[in-house]
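Everything on this sheet refers to the single structure shown next.
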Amino acid sequence: MKVLMLIVLSSLVVNAQHLDKVSLQLKWKYQFQFAGFIMAKEKGIYKKYGLDVELRELEESMDVVSEVLDKKSTYGVVQPSVLLDIAQGKELILLKSIYQLSPICLIAIDQGIHTIEDFTNKKIMTGGRQLDASLVSMMLSHKVDIQTMTLQKPSFTLSDLIEGKTDLVVAYTSNEPFELKKRAINHKIFSPKDYGFSFYGDMLMTSKEHSEQNPLEVQRFIDASMEGWKYAFNYINESVDIIFNHYNTQNKTKAALLYEAVELKKLAYLKKIPLGDINVQKLHRIYDVYNLLGLVKNHKVNFNDYLFKSHKIKKTPLLSPYEQAYLEQKGSIKVCYDKSFAPLTYTEKGKAKGMVVSILDLIEQKIGLKFSYVEANNWVEQYQKLQEGLCDIVAVTSKNPNHYDFLTPSTSYQSNSFVLITDTDEPYQEDLKQLKNKTIAIKYGFHTLHKYLETLYPNIKFIQLKENGFEKVARGEIYGYASISYHVSKKIAQEYRGELKIMGKLINHKIEGSFGVNKNDDTLLAILNQAIETISIEEKEKIFKDWYDIEIDREIDYTIILHIIIGFIIIFIIIIIAYIKQKRLKSKIENMNHSLQEKVAQEVAKNRAKEMMLLKQSRLAQMGEMIAMIAHQWRQPLNNLSLITQTITLKYHKDSLDEHSMELFDKKSSKYIQQMSQTIDDFRNFFKTEYRDEWFSINDAIKESFELIEASYQAQYIRAILKCENRYYLKGNSSQFGQALLNILNNARDALIINNVEKKMIQIELRDIDGYVVLAISDNALGIKKSIKDRVFDPYFSTKLDKNGTGLGLYMTKAIIEDHFHGEIHIVDIPHGTKFELIFKIGQDGCRKDIV
Amino acid sequence: MRDIVDFTKKMHLLYVEDNEDTIDATMLYLDEFFDAITVAKNGKEGVEKFQKHTIDMIISDINMPIMDGLEMAEQIKGVNPHIPIIFFSAHNEESFIQRANALNIEGYLYKPLHHHQFIALLEEIMHKMSDKK
Numbered sequence: 005m006k007v008l009m010l011i012v013l014s015s016l017v018v019n020a021q022h023l024d025k026v027s028l029q030l031k032w033k034y035q036f037q038f039a040g041f042i043m044a045k046e047k048g049i050y051k052k053y054g055l056d057v058e059l060r061e062l063e064e065s066m067d068v069v070s071e072v073l074d075k076k077s078t079y080g081v082v083q084p085s086v087l088l089d090i091a092q093g094k095e096l097i098l099l100k101s102i103y104q105l106s107p108i109c110l111i112a113i114d115q116g117i118h119t120i121e122d123f124t125n126k127k128i129m130t131g132g133r134q135l136d137a138s139l140v141s142m143m144l145s146h147k148v149d150i151q152t153m154t155l156q157k158p159s160f161t162l163s164d165l166i167e168g169k170t171d172l173v174v175a176y177t178s179n180e181p182f183e184l185k186k187r188a189i190n191h192k193i194f195s196p197k198d199y200g201f202s203f204y205g206d207m208l209m210t211s212k213e214h215s216e217q218n219p220l221e222v223q224r225f226i227d228a229s230m231e232g233w234k235y236a237f238n239y240i241n242e243s244v245d246i247i248f249n250h251y252n253t254q255n256k257t258k259a260a261l262l263y264e265a266v267e268l269k270k271l272a273y274l275k276k277i278p279l280g281d282i283n284v285q286k287l288h289r290i291y292d293v294y295n296l297l298g299l300v301k302n303h304k305v306n307f308n309d310y311l312f313k314s315h316k317i318k319k320t321p322l323l324s325p326y327e328q329a330y331l332e333q334k335g336s337i338k339v340c341y342d343k344s345f346a347p348l349t350y351t352e353k354g355k356a357k358g359m360v361v362s363i364l365d366l367i368e369q370k371i372g373l374k375f376s377y378v379e380a381n382n383w384v385e386q387y388q389k390l391q392e393g394l395c396d397i398v399a400v401t402s403k404n405p406n407h408y409d410f411l412t413p414s415t416s417y418q419s420n421s422f423v424l425i426t427d428t429d430e431p432y433q434e435d436l437k438q439l440k441n442k443t444i445a446i447k448y449g450f451h452t453l454h455k456y457l458e459t460l461y462p463n464i465k466f467i468q469l470k471e472n473g474f475e476k477v478a479r480g481e482i483y484g485y486a487s488i489s490y491h492v493s494k495k496i497a498q499e500y501r502g503e504l505k506i507m508g509k510l511i512n513h514k515i516e517g518s519f520g521v522n523k524n525d526d527t528l529l530a531i532l533n534q535a536i537e538t539i540s541i542e543e544k545e546k547i548f549k550d551w552y553d554i555e556i557d558r559e560i561d562y563t564i565i566l567h568i569i570i571g572f573i574i575i576f577i578i579i580i581i582a583y584i585k586q587k588r589l590k591s592k593i594e595n596m597n598h599s600l601q602e603k604v605a606q607e608v609a610k611n612r613a614k615e616m617m618l619l620k621q622s623r624l625a626q627m628g629e630m631i632a633m634i635a636h637q638w639r640q641p642l643n644n645l646s647l648i649t650q651t652i653t654l655k656y657h658k659d660s661l662d663e664h665s666m667e668l669f670d671k672k673s674s675k676y677i678q679q680m681s682q683t684i685d686d687f688r689n690f691f692k693t694e695y696r697d698e699w700f701s702i703n704d705a706i707k708e709s710f711e712l713i714e715a716s717y718q719a720q721y722i723r724a725i726l727k728c729e730n731r732y733y734l735k736g737n738s739s740q741f742g743q744a745l746l747n748i749l750n751n752a753r754d755a756l757i758i759n760n761v762e763k764k765m766i767q768i769e770l771r772d773i774d775g776y777v778v779l780a781i782s783d784n785a786l787g788i789k790k791s792i793k794d795r796v797f798d799p800y801f802s803t804k805l806d807k808n809g810t811g812l813g814l815y816m817t818k819a820i821i822e823d824h825f826h827g828e829i830h831i832v833d834i835p836h837g838t839k840f841e842l843i844f845k846i847g848q849d850g851c852r853k854d855i856v
Numbered sequence: 052m053r054d055i056v057d058f059t060k061k062m063h064l065l066y067v068e069d070n071e072d073t074i075d076a077t078m079l080y081l082d083e084f085f086d087a088i089t090v091a092k093n094g095k096e097g098v099e100k101f102q103k104h105t106i107d108m109i110i111s112d113i114n115m116p117i118m119d120g121l122e123m124a125e126q127i128k129g130v131n132p133h134i135p136i137i138f139f140s141a142h143n144e145e146s147f148i149q150r151a152n153a154l155n156i157e158g159y160l161y162k163p164l165h166h167h168q169f170i171a172l173l174e175e176i177m178h179k180m181s182d183k184k
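Residue numbers (the working numbering), protein chains in the order written: chain V, 5 to 856; chain X, 52 to 184.
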């Protein structure tokens with residue numbers, strides 16, 4: 005039953021697919037010599053590759069090369085003399101060589117012929133074949149003067165030879181010897197290959213024009229034919245049966261076909277050369293022989309130009325021939341995308357852009373798929389267009405949950421958190437489930453997500469917005485707006501810095517982004533899924549990071565202009581009214597003053613909340629930094645330990661491991677282990693999480709911070725100079741202060757490395773001037789560019805995003821110094837470098853000085 | 052293994068490294084292979100000791116003060132292009148490898164050291180040298 009189902013299914017698939025009609029002109033009558041092509045046709049391999057191939061036997065006075073050039077046949081099987089045609093300027097492309105060696109040979113039964121030298125003055129019969137160049141070369145190389153030989157009219161039987169009418173016949177090692185053996189006639193075979201003339205046998209070719217116009221079809225024809233050949237040689241008996249029953253135009257016996265098969269298989273598989281291989285050097289060697297024989301007029305031919313270049317589809321064997329045929333027929337895949345979903349998809353200068361477009365570009369490169377883009381004005385429209393058949397896929401849809409019954413989501417290409425943003429003034433909410441009677445907007449068209457969110461948060465009112473939700477939150481019209489974090493953080497960083505913040509995740513799991521494929525298009529779904537599989541995590545990360553860093557030109561929003569014009573009209577009316585009613589104007593101004601004061605108070609509160617959010621984000625980044633620093637500190641002792649263990653092993657094998665050396669090893673390894681363990685402790689103390697305000701020494705904090713990064717400084721030969729006059733103390737969390745210093749020190753180190761400074765140097769100076777403690781950290785890393793100087797303290801600003809910069813380090817430093825320690829932080833330009841100055845007022849806000 | 056030790060024992064090694072601890076630990080290991088080892092603390096000292104003694108082989112760190120291992124190798128290969136030089140370093144940066152390749156260096160060993168890699172490298176050098184003879 006299952007089998008039946010499979011047969012029905014596969015026949016459906018085959019019937020449904022489009023087949024390209026092509027023809028193959030053989031160079032002789034059907035026999036095992038062409039078994040691969042016959043089997044590819046008979047076993048449905050050509051069909052599998054989307055091809056309907058007609059095989060044609062050679063007819064009298066037919067020339068295969070002309071057949072192909074005149075487009076009577078698409079492909080042809082020829083002999084290596086095709087090189088001469090190419091040299092004459094015929095536009096042909098060689099695809100494969102079925103036989104690494106030619107079966108052509110000369111056969112003699114005359115007792116007097118033992119060696120080639122004996123050929124002189126003999127009669128030779130070319131049979132149905134030509135006296136080909138390899139035979140001529142073989143004879144010439146043995147100084148046989150062909151002029152002395154009598155070339156006889158062709159005959160198609162061996163009887164002439166047997167009856168002594170001729171001395172030599174041109175034959176195939178795979179055919180005639182069988183007849184002679186059957187009749188027990190002693191004979192001698194002279195094969196050019198045995199005399200150093202290794203010519204190719206049958207070669208597959210097509211016209212240059214055809215291969216340029218249909219490279220994919222040619223590739224499929226090659227792949228299918230070679231699959232057929234592998235089958236034919238692997239299942240010789242079955243192949244012989246099929247030829248015997250259906251292709252036996254020459255009335256050969258099964259035994260003769262079998263003999264042919266065994267002989268030809270030897271010629272097809274030579275040493276370790278892959279089946280079908282054409283080696284361009286070998287072509288040139290064959291051509292050289294033609295040259296020596298004087299058959300060549302045009303001396304310079306680069307046969308490399310006449311070899312078929314594997315189409316890149318071949319490099320991704322993951323697609324089945326049917327899928328490849330599907331793609332070829334389809335041309336390009338139409339992608340609908342939302343023009344306002346930056347950085348995932350958006351329109352810029354009339355072109356589709358964004359992270360997802362980059363992913364599609366990568367797929368184009370890898371698989372050879374072609375995409376074309378159909379813009380949708382909003383989220384919903386992309387689905388409408390898909391339903392209307394205007395496109396094959398939508399660029400972005402959520403895989404979990406998906407409830408669109410007209411599409412199937414592909415494998416996800418990226419997952420992202422679904423986060424809530426609010427005004428920075430809103431108090432931080434640990435558990436979003438506690439929110440009550442708030443309105444949160446989501447993008448218009450997230451219908452299923454809408455329902456899902458409602459079940460998660462029954463106390464929150466969710467609405468879908470067609471307009472800009474960020475703006476509505478910023479204006480205080482709604483409590484929050486929710487979207488995926490890529491979209492949100494980009495928008496905040498570029499347009500609402502300081503106004504909006506990320507409150508937290510609304511959905512615990514990550515939303516998986518995928519392509520939404522038309523429900524009926526299972527083939528496309530399978531292709532896209534396989535394509536997504538080929539993209540490595542690194543490639544994905546690179547794309548998403550690159551896009552994250554790109555400034556997106558904002559589209560001109562005409563509704564804003566309209567708002568402005570309306571705004572002006574309103575103001576104009578107000579002024580007229582105000583002019584008439586001066587008294588009311590006065591009270592209005594008072595009101596405005598009042599709200600201005602409120603605004604100032606709000607601004608101050610904003611900073612606190614913002615910092616809370618960023619503190620969380622920067623923790624991860626710090627962990628990464630910490631691991632890198634530990635790795636640096638551990639490298640030397642780890643290496644030393646490994647040397648010691650290996651020395652022990654060596655000594656043990658040499659039997660020279662005595663007590664003395666064991667003691668020495670023990671002492672030394674303890675020392676290195678101690679070093680490594682100390683590193684861990686240092687870091688643990690440094691990054692302890694409990695928060696306690698206490699007096700701590702700035703001098704010690706500097707020392708502790710510096711010890712952590714000392715190894716990475718040494719590794720880069722950065723000279724560090726510490727200058728401290730007295731002891732100074734601050735009140736607060738010493739670990740936070742240390743982190744602030746670390747950020748500056750790491751930053752300076754990275755700048756020194758990136759700018760490749762000759763004599764890298766960092767100076768830390770601690771002193772007091774006019775009642776202020778000044779901690780100055782200066783480097784000689786050539787300074788900060790003017791264009792970015794104003795932005796280095798901005799969150800998400802980083803010049804090292806491609807490395808592992810998060811853009812939070814200096815922002816956090818500034819927040820810590822200003823808010824927690826009531827200090828100031830400045831950047832000062834110095835010759836060849838930069839100086840960070842941290843300034844704290846002595847005597848108040850927890851800063852004091854001890855004279856040592 | 053025995054072949055290699057027989058081969059190395061006859062050689063005079065110049066070992067160049069700036070870190071005391073590393074010298075300490077590495078010398079224990081190298082002692083198993085070489086009877087004569089001269090230590091230099093940086094590239095400049097390495098060149099000086101190379102000129103003073105008859106050195107058969109060099110193992111050197113790359114990143115060192117005063118003169119780094121690459122510059123040292125450049126100078127020494129300038130005098131004796133056939134002397135085998137092995138870099139033993141934590142560096143696996145592209146730029147270093149490219150520079151080192153240009154110097155026709157026998158090999159690199161990355162920290163932490165793998166015994167079989169070291170053996171393989173010595174074996175290679177041994178064959179190369181016996182081929183020359």
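Heads up, the beta-carbon is just placed ideally off N, CA and C, and yes, glycines get one too.
{"Check": "Assigned exposure category for residue 557/V - 16 Cβ within 10 Å defines buried", "Outcome": "For residue 557/V, the pLDDT reaches just 41, beneath the cut-off of 50, and the residue's location in the model is therefore unreliable, although a value from the coordinates is still provided. Residue 557/V should be labelled exposed."}
{"Check": "Validate contact between the region 268 to 280 of chain V and the region 222 to 242 of chain V using beta carbons, cut 8 Å, 3 pairs", "Outcome": "yes"}
{"Check": "Which residues DSSP lists as bridging residue 443/V, in chain order", "Outcome": "465/V"}
{"Check": "Interfacial residues, the region 56 to 78 of chain X to chain V, with Cβ spacing under 8 Å", "Outcome": "70, 72, 73, 75, 76, 77"}
{"Check": "Residue-level contact to chain X via CB, residue 472/V, 8 Å cutoff", "Outcome": "no"}
{"Check": "Opening and closing residue of the beta strand (DSSP E) in which residue 60/V lies", "Outcome": "55 to 60"}
{"Check": "Between the CA atoms of residue 336/V and residue 318/V - distance to the nearest angstrom", "Outcome": "Because the pLDDT at residue 318/V is just 43, under 50, the model does not fix this residue reliably, and the point stays unresolved."}
{"Check": "Neighbour flag for residue 648/V against chain X, beta carbons, 8 Å", "Outcome": "yes"}
{"Check": "Backbone secondary structure at residue 2/V - three-state DSSP", "Outcome": "There is no way to answer for residue 2/V, as the model of chain V reaches only from 5 to 856."}
{"Check": "Where residue 767/V falls: helix, strand or coil (DSSP)", "Outcome": "strand"}
{"Check": "Per DSSP, the bridge partner or partners of residue 853/V", "Outcome": "732/V"}
{"Check": "Residue 419/V versus residue 408/V: straight-line alpha-carbon distance, rounded", "Outcome": "19 Å"}
{"Check": "Continuous alpha helix (DSSP H) stretch holding residue 815/V: start and end", "Outcome": "813 to 819"}
{"Check": "Rounded Cβ spacing between residue 531/V and residue 327/V (contact assumed at less than 8 Å)", "Outcome": "5 Å"}
{"Check": "Per-residue burial, residue 373/V [other beta carbons within 10 Å of its own, 16 or more giving buried]", "Outcome": "buried"}
{"Check": "Simplified DSSP assignment, three categories, for residue 29/V", "Outcome": "strand"}
{"Check": "Contacts that residue 122/X makes with chain V (C-beta to C-beta distance below 8 Å)", "Outcome": "Here the premise fails: no neighbours, minimum Cβ distance about 14 Å."}
{"Check": "Same chain, Cβ closer than 7 Å to residue 45/V, neighbours up to 5 away in sequence not counted", "Outcome": "57, 59"}
{"Check": "Nonlocal neighbours in the same chain, by C-beta distance under 8 Å from residue 6/V, ignoring five residues either side", "Outcome": "Only weak support is given to the placement of residue 6/V: the predicted model assigns it a pLDDT of 45, under 50, and the value that follows is read from those uncertain coordinates. Nothing meets the Cβ criterion."}
{"Check": "Local conformation of residue 420/V per DSSP, three classes", "Outcome": "strand"}
{"Check": "As assigned by DSSP and simplified to three states, the class of residue 459/V", "Outcome": "helix"}
{"Check": "Within chain V, partners of residue 171/X - CB distance below 8 Å", "Outcome": "By Cβ distance, chain V contributes nothing, its closest Cβ being about 14 Å from residue 171/X, past 8 Å."}
{"Check": "Closest by C-alpha distance to residue 379/V, when choosing among 370/V, 367/V, 366/V, 358/V", "Outcome": "358/V"}
{"Check": "8 Å contact criterion, which residue 523/V and residue 411/V should meet: CB distance rounded", "Outcome": "6 Å"}
{"Check": "Anticipated Cβ contact below 8 Å, residue 461/V with residue 473/V, distance rounded", "Outcome": "Incorrect: roughly 17 Å between the Cβ atoms, too far for contact."}
{"Check": "The ligand SAH heavy atom lying under 7 Å from the CB of residue 115/V", "Outcome": "Annotation note on the ligand SAH: not contained in the displayed structure, which lists no ligands."}
{"Check": "Nonlocal neighbours in the same chain, by C-beta distance under 8 Å from residue 31/V, ignoring five residues either side", "Outcome": "62, 68, 80, 81, 82, 83, 206"}
{"Check": "Contacting residues, own chain, Cβ-Cβ under 7 Å from residue 53/X (five flanking each side not counted)", "Outcome": "none"}
{"Check": "Own chain residues within Cβ distance below 7 Å of residue 284/V, not counting five before or after", "Outcome": "307, 308, 311"}
{"Check": "Pair within 8 Å by beta-carbon distance, residue 155/X and residue 118/X", "Outcome": "no"}
{"Check": "8 Å Cβ cutoff, residue 160/X in contact with chain V", "Outcome": "no"}
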